[in-house]
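S.K.: Protein chains in written order, with the numbering used here: chain S, 525 to 739; chain G, 525 to 739; chain D, 525 to 739; chain H, 525 to 739.
All C-beta atoms, glycine included, are put in the ideal place defined by N, C-alpha and C.
Computed from a predicted structure; not experimentally measured.
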DNA sequence: TATGAATGAGGATTCATTCAT
DNA sequence: CATGAATGAATCCTCATTCAT
């Protein structure tokens, strides 16, 4: 169970740091930052790019942030919060076997993509640029997600549904890398929906983790 | 068949740009650049870091390059060359069925990792920063690799070894994302070898692509 | 007639490049740049010299420009605009004979010198360093001035006031070289005024172009 | 009279600074330097450009020079030496009136152009970049030339051949500026020869300096 | 004489950040 | 809240110059 985190605040972007603030504007800014980070990468992204996209001057942005890194952090937290929210299972699923649970997780995860700005996950590669404390905070969230999946993998092995030679850590990493890689190439063109992609991932992973067919 | 490229030149790092140059030094530089890019990312990497690692002054580096981007390009080409070299199959494999071929490919791919500087693939994320022409050149190499895998996936579908609902493009992307993700987390600690990891990928993919078990 | 250009904008220095900008500061900068270019030449001039002269830091200069070359261009345009403004004749002059017209032109030209920063013309030698497009723009302005003078020379030849063996192009070049050379050595020390110098040039040219005395 | 200088050494380029030297190579270098300075200006000219044009590496150039400035100086001295050599008059001319003498001087000056690399005079604008001593040396040569012409102008005024209101300094400057300006635009295309150009200058100056026609 | 390699002091440019208005 | 202007540290790149071989 991963219900120790407050589901209320989790899907919500972190509150803007300063006093009385235009909440809508703060979201605009996060959106803009997300887009620009996605396009150029965090380091190459310029504060000015973000400000321009919002329609304000770069100096004005500093009414909302203290540091460029604030944006990276806010985005990271937002992205990971969405991820964490995904870990919540209903009672039926929680009681199910590992293949079912992992499949359900993938479905829930993919389902968040259309409604969540995809760039949220892109910050992934730039976590190392956060200050120690913030990085630790983000890593902690990431860790929770990994633990959740890892537990399911271990359950699957114990149950005999997954190959006993599977290294749970490796499997977990692979699952997340696969899911996260989506944002690097997937553009929902209509030809392929998130659902279809999710179904593909589900089969690939569940079936791929099964024990070697003995026949 | 992917034998249209010269296997001679493929695994070799790109020749140093200028006339008569110290080849060894050029390799030192590429190595250093690879390490620094890996650690900090291309943009954050400072020319000075690279020079220092080689043991020369930053100005001296410009005896070997024209632009920082040259290093990124050289590294990209080197990495992709290694990848392309991987596409070469022996006759037996070429005649085999898709699961065997894709498995063999994954084995060959993973086998290059210990002997090739892992950073070679890390440049992946920074290709967009290359000049148009160079990016095109790199994309072309990348494309060749994708085509090779995609063809095998299509073959597998045609043979009935792979799920007929599989989108070959998606499958191909997933395979490469998975393989490339390795460098983002894998540290050969002894607990897990490249071979073992390769075996895991192989089973995950081959078995994961199989048609839904009907029974 | 050379009235196709807007006499309003002509003597005005080019507008500062960015949106809402401190116009006064922009002029200070152009002035400073002009002085430094004059003293050291464009290439040897350091952005820092210019900034210091304005009393700001070199980084701050980039709030106003994109490139050092912008300053050269702005100065070139300013100088040539002043020159073009000089081509405007009143009706009486326009109807006069060539010696009168060329004399009037020289007078008008020299008259602008005291009121216009002399460095404006110094950029002359560095036009080649402009980007192709900008160089073309400046050359076009220069060309208009040459055409104006050349036409008068041709008129003078046709009228019989100027030596029929005169090559109009050569004469035009010589006239401009002579006028422009002023800034290379002339310092208004009081001993010699611009007027006096203008009178000298006028006589030298008008009388020098006359047909060989036959007597 | 300006015969105090050794006419032997004067037209000759300054001897190369170091020990046993390949004289021919030294001339090649000066030629190359002249061309490059002409094309790019002294400051923008790179030692490497010059070396490349000679066909050696830039490091090798330092066998012949100590400093880039050496090249500028050598070229300046060469150019001014050619100019000084031009001041030598035959007895008949020396006894003639000012218009004749100035005309003869212009003819002699222009006559050197085809045989002397034109870039020699282009260094003109960069004299200020020489070290104090060298600049003084060059200025001294320049001064000798100016004095020579100035004396003739003064003679002309005294004789009544030139306008008594003429400022001899201004006239001298103008004459040299005019002659030197040639290299900035003149390309011997055949349409116009050096002779013809010389004739034009001669008439322009001699006739232009005459007293105002009173009749 | 010539070369290849390195040096190191600049100099242009970028950009996160500050702050008075 | 927003702006315009400035800051200053960082970083890329240039190039005259040196020197062992």
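If you measure from the beta carbon of residue 579 (chain S) to each beta carbon in chain G, is any gap under 7 Å?
M.R.: The sequence position of residue 579 (chain S) within the first chain is 55, counting from 1. No Cβ of chain G is located within less than 7 Å of the beta carbon of residue 579 (chain S).
S.K.: Helix, strand or coil for residue 703 (chain H)? Go by DSSP, reduced to three states.
M.R.: Within the fourth chain, the letter at position 179 stands for residue 703 (chain H). In this structure, residue 703 (chain H) counts as helix in the three-state DSSP scheme.
S.K.: May I ask you to list, following chain order, the residues of the stretch 666-697 of chain S that have a beta carbon less than 9 Å from some beta carbon of chain G?
M.R.: 687, 689, 690, 691, 693, 694, 695 and 697
S.K.: Find the nearest neighbour of residue 579 (chain G) within the set G:602, G:555 and G:689, judged by alpha-carbon distance.
M.R.: Working through the second chain from its first residue, we reach residue 579 (chain G) at position 55. Checked all of G:602, G:555 and G:689; the closest Cα to residue 579 (chain G) is G:555.
S.K.: Give a yes or no on contact between the stretch 548-568 of chain D and the stretch 551-571 of chain G, applying the rule of three or more CB pairs nearer than 8 Å.
M.R.: no
S.K.: Name, please, each residue of chain G whose Cβ falls closer than 9 Å to the Cβ of residue 565 (chain S).
M.R.: Locating residue 565 (chain S) in the first chain gives position 41, counting from the first residue. What residue 565 (chain S) touches in chain G: 565, 566, 567, 649, 650, 652 and 653.
S.K.: Just mark residue 688 (chain S) as buried or exposed, buried being the case when its beta carbon has 16 or more other beta carbons within 10 Å.
M.R.: Looking up residue 688 (chain S) in the first chain gives position 164. The residue is exposed, with fewer than 16 neighbouring Cβ atoms inside 10 Å.
S.K.: Within the continuous alpha helix (DSSP H) that includes residue 485 (chain D), where are the two ends?
M.R.: What is shown of chain D runs 525 to 739, which leaves residue 485 (chain D) out entirely.
S.K.: In chain H, what lies closer than 7 Å to residue 732 (chain D) by C-beta?
M.R.: Mapped onto the third chain, residue 732 (chain D) falls at position 208. Neighbours of residue 732 (chain D) on chain H, chain order: 727, 728, 729, 731 and 732.
S.K.: Mind listing the chain G neighbours of residue 721 (chain S)? Cutoff is C-beta to C-beta under 8 Å, in chain order.
M.R.: Sequence index remark: in the first chain, residue 721 (chain S) carries index 197 (1-based). The contacting residues are 694.
S.K.: Counting only C-beta atoms, is residue 584 (chain S) closer than 7 Å to chain G at any point?
M.R.: Position 60 of the first chain, counted from the start, is the residue given in the question as residue 584 (chain S). Chain G, which has no Cβ nearer than 7 Å to the Cβ of residue 584 (chain S), makes this no.
S.K.: Considering only residues of the same chain and omitting the five flanking positions on each side of residue 702 (chain G), which have a CB-CB separation below 8 Å?
M.R.: Position 178 of the second chain, counting from 1, holds the residue named residue 702 (chain G). Hits under 8 Å: 725, 728 and 729.
S.K.: List, from N- to C-terminal side, the alpha helix (DSSP H) runs of 4 residues or more that fit wholly inside the stretch 646-694 of chain D.
M.R.: 656-683
S.K.: Leaving out five residues on either side along the sequence, give the residues of the same chain with a beta carbon under 7 Å from the beta carbon of residue 597 (chain G).
M.R.: As a position in the second chain, residue 597 (chain G) is number 73, starting the count at 1. The answer, listed in chain order, is 654 and 658.
S.K.: Specify whether the stretch 631-649 of chain G and the stretch 557-575 of chain G touch according to this definition: at least 3 beta carbon pairs, one from each stretch, less than 8 Å apart.
M.R.: yes
S.K.: Run down chain S in chain order and give the residues with a C-beta less than 8 Å from the C-beta of residue 705 (chain G).
M.R.: Looking up residue 705 (chain G) in the second chain gives position 181. Those within 8 Å of residue 705 (chain G) in chain S are 697, 698, 701, 702 and 705.
S.K.: Answer yes or no: does any C-beta atom of chain G fall closer than 7 Å to that of residue 709 (chain S)?
M.R.: Numbered from 1 along the first chain, position 185 holds the residue referred to as residue 709 (chain S). Yes, contact with chain G.
S.K.: Output the distance between the C-alpha atoms of residue 606 (chain G) and residue 715 (chain G), rounded to the nearest integer angstrom.
M.R.: Locating residue 606 (chain G) in the second chain gives position 82, counting from the first residue. Locating residue 715 (chain G) in the second chain gives position 191, counting from the first residue. Rounded to the nearest angstrom, the two C-alpha atoms are 26 Å apart.
S.K.: Can you tell me whether DSSP reads residue 628 (chain H) as helix, strand or coil?
M.R.: Along the fourth chain, read from residue 1 onward, the residue named residue 628 (chain H) stands at position 104. Residue 628 (chain H): helix per DSSP, three-state reduction.
S.K.: If you draw a straight line from the alpha carbon of residue 683 (chain H) to that of residue 737 (chain H), how long is it in whole angstroms?
M.R.: The residue labelled residue 683 (chain H) in the question sits at position 159 within the fourth chain. The residue labelled residue 737 (chain H) in the question sits at position 213 within the fourth chain. One C-alpha to the other measures close to 16 Å.
S.K.: Check for me: the alpha helix (DSSP H) holding residue 724 (chain D) runs from which residue to which?
M.R.: Start at 1 with the first residue of the third chain, and residue 724 (chain D) comes out as number 200. Run containing residue 724 (chain D): 718-733, per the alpha helix (DSSP H) assignment.
S.K.: Determine whether the Cβ of residue 629 (chain S) lies closer than 7 Å to any Cβ atom of chain G.
M.R.: For the purposes of this step, residue 629 (chain S) is taken as residue 105 along the first chain, with counting starting at 1. No - not a single Cβ of chain G is within 7 Å of the one on residue 629 (chain S).
S.K.: Are residue 671 (chain S) and residue 622 (chain S) closer than 7 Å when you measure CB to CB?
M.R.: As a working note, residue 671 (chain S) is residue 147 in the first chain. As a working note, residue 622 (chain S) is residue 98 in the first chain. No, these two residues do not count as a Cβ contact at 7 Å.
S.K.: Could you tell me whether the Cβ of residue 724 (chain S) comes closer than 7 Å to any Cβ of chain G?
M.R.: One-based indexing of the first chain puts residue 724 (chain S) at position 200. So yes, residue 724 (chain S) belongs to the interface.
S.K.: According to DSSP, is residue 573 (chain S) helix, strand or coil?
M.R.: Sequence index remark: in the first chain, residue 573 (chain S) carries index 49 (1-based). Reduced to three states, the DSSP call for residue 573 (chain S) is helix.
S.K.: Buried or exposed for residue 588 (chain D), going by 16 or more other Cβ atoms inside 10 Å?
M.R.: Position 64 of the third chain, counted from the start, is the residue given in the question as residue 588 (chain D). Residue 588 (chain D) comes out buried.
S.K.: With H, G and I counted as helix, E and B as strand and the rest as coil, what does DSSP make of residue 589 (chain D)?
M.R.: To locate residue 589 (chain D), count along the third chain from 1; it is residue 65. Correct three-state label for residue 589 (chain D): coil.
S.K.: Taking a contact to mean a Cβ-Cβ separation below 7 Å, would you say residue 575 (chain G) touches residue 585 (chain G) in this structure?
M.R.: Start at 1 with the first residue of the second chain, and residue 575 (chain G) comes out as number 51. Start at 1 with the first residue of the second chain, and residue 585 (chain G) comes out as number 61. Cβ atoms of residue 575 (chain G) and residue 585 (chain G): closer than 7 Å.
S.K.: Tell me the rounded alpha-carbon separation between residue 611 (chain H) and residue 630 (chain H).
M.R.: Position 87 of the fourth chain holds residue 611 (chain H). Position 106 of the fourth chain holds residue 630 (chain H). Near 10 Å, if we compare the C-alpha coordinates of residue 630 (chain H) and residue 611 (chain H).
S.K.: Please report the distance separating the alpha-carbon of residue 664 (chain D) from that of residue 700 (chain H).
M.R.: Within the third chain, the letter at position 140 stands for residue 664 (chain D). Within the fourth chain, the letter at position 176 stands for residue 700 (chain H). One C-alpha to the other measures close to 28 Å.
S.K.: May I ask you to report which of helix, strand or coil DSSP gives residue 565 (chain H)?
M.R.: The residue labelled residue 565 (chain H) in the question sits at position 41 within the fourth chain. DSSP, read as helix, strand or coil, puts residue 565 (chain H) in coil.
S.K.: Which chain S residues sit within Cβ distance under 9 Å of residue 736 (chain G)?
M.R.: In the second chain, the residue the question calls residue 736 (chain G) occupies position 212. Those are 727 and 731, listed as they occur along chain S.
S.K.: Tell me the rounded alpha-carbon separation between residue 686 (chain G) and residue 720 (chain S).
M.R.: Taking the first residue of the second chain as position 1, residue 686 (chain G) is located at position 162. Taking the first residue of the first chain as position 1, residue 720 (chain S) is located at position 196. Distance between the alpha carbons of residue 686 (chain G) and residue 720 (chain S) is about 16 Å.
S.K.: Can you pull the chain G residues whose beta carbon is under 9 Å from the beta carbon of residue 716 (chain S), in chain order?
M.R.: In the first chain, counting from the first residue as 1, residue 716 (chain S) sits at position 192. Ordered by position in chain G, the residues that pass the 9 Å Cβ test against residue 716 (chain S) are 691, 693 and 694.
S.K.: Look up residue 714 (chain D) in the DSSP assignment and say whether it is helix, strand or coil.
M.R.: Looking up residue 714 (chain D) in the third chain gives position 190. The answer is coil: DSSP assigns residue 714 (chain D) none of H, G, I, E or B.
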